[in-house]
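Undergrad: The sequence shown begins at 1 in the UniProt record's numbering and counts up by one. Heads up, the beta-carbon is just placed ideally off N, CA and C, and yes, glycines get one too.
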Amino acid sequence: MSDPRPEPDPAPNPDPERRPDPEAAPTRADLGIPDWDDEYVDRVADRLMYNYDLDDDYRVRGERFDLYGRMRVESRKHFFHPSLNYANHGSTEHLFVRRASGATRADLERLVDLGHDLAAEWIDADEEHFSTDFTFVLVVPELPEDVREFVSGFRDRTLLRFGYYGHYEVNLLVVAPEREALAASANADVAHAFRLWTPVDAPAEPTGLVDRLVGLLRREG
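#1: Suppose the cutoff is 6 Å on Cβ atoms and the five residues either side in sequence are ignored; what does the same chain contact list for Tyr40 look like?
#2: Closer than 6 Å by C-beta to Met71: which residues in its own chain qualify, once you throw out the five before and the five after it? Chain order, please.
#3: Taking DSSP's pairing of strands, which residues face residue 252 in a bridge?
#4: Taking the CB atoms as reference points, tell me whether Leu172 and Ala193 lie closer together than 8 Å.
#5: Could you please give the first and the last residue of the uninterrupted beta strand (DSSP E) stretch that includes Leu172?
#6: Measure the alpha-carbon distance for Gly221 versus Ala181 and round it to whole angstroms.
#7: Suppose contacts are defined by Cβ-Cβ distances below 8 Å. Is Val190 in contact with Thr135 by that definition?
#8: Curious, which full-length beta strand (DSSP E) runs of at least 3 residues does the region 111-186 contain?
#9: How many Å lie between Ser152 and Tyr68 at the Cα?
#10: How would you write the range of the alpha helix (DSSP H) that Val41 sits in, first residue to last?
#11: From this set, Asp126, Arg110, Ala120 and Tyr58, which residue's C-alpha is nearest Val97's C-alpha?
#12: With 16 other CB atoms within 10 Å as the buried threshold, where does Phe162 fall?
#13: According to the neighbour-count rule (16 or more other Cβ atoms, all chains shown, within 10 Å of its Cβ), is His129 buried or exposed?
#14: Taking DSSP as the reference, what is the three-state secondary structure of Arg195?
#15: Please state if the CB of Arg99 and the CB of Val147 are separated by a distance shorter than 8 Å.
#16: Between the C-alpha atoms of Trp36 and His116, what's the straight-line distance to the nearest angstrom?
#17: Compare the Cα-Cα distances from Trp197 to each of Ala186, Arg28, Leu143 and Val44 and report the closest residue.
#18: What does the alpha-carbon distance come out to for the pair Glu169 and Pro26?
#19: According to DSSP, is residue 223 part of a helix, a strand, or is it coil?
#20: Below 8 Å on the Cβ atoms is my contact criterion, and I expect Arg155 with Ser185 to pass it. Report the Cβ-Cβ distance as a whole number of Å.
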């Protein structure tokens, strides 16, 4: 004789597979961003990670940096279809950040020389190259007045083939986070990411590479 009682409903899975929220911002793990033991640098990385590819303990030409970041911006126009494109331009920023016990003008001049050496090695100068920035940041306990004056008045831009192949620029930034003091050269637009004492939603400086590329496209439009 069959049992007249109905079969019980199967128990729900207590740990169903969670699907990722397509609208959620990617996490550090999603982006492959490392963690830094230096709390200040780690918090700066939080502000940079959606725009820059970031690495830690970066070494180049005998110099070591706690953080290295690379941002690439490309623009292109096309006729009716993306395969028929023209006016392609590329801009890149290389960001080098080092925690140091202090900063002197000689330290900064050595970094400027490094920027010029890297420009000679890394830049593919052609009609599609618009700009490359080399931005060096020193994180220090104090910001001496002579260093502040040197950095604030510094600008170093080099035209490639009289500007036909774009240009590259070396930028400097020195920050003493414990003193809430910062000095940046004219086009070190990443400076806002290092002002952790300023809310991230506060009015910010121009976005540098993006603004310059937009200006170029407006002139060509």
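TA: Taking the definition as stated:
#1: Pro177
#2: Asn51, Tyr52 and Glu93
#3: The structure shown does not extend to residue 252, since the chain spans only 1 to 221, so no value can be given for it.
#4: no
#5: His167 to Ala176
#6: With a pLDDT of 48 at Gly221, under the threshold of 50, the modelled position of that residue is not reliable, and the figure given next carries that caveat. About 40 Å.
#7: yes
#8: 129-139, 156-159, 167-176 and 181-184
#9: 22 Å
#10: Glu39 to Leu48
#11: Tyr58
#12: exposed
#13: buried
#14: coil
#15: no
#16: 28 Å
#17: Val44
#18: 31 Å
#19: Residue 223 cannot be examined here, being either before or after the span of the chain that is shown, 1 to 221.
#20: 6 Å
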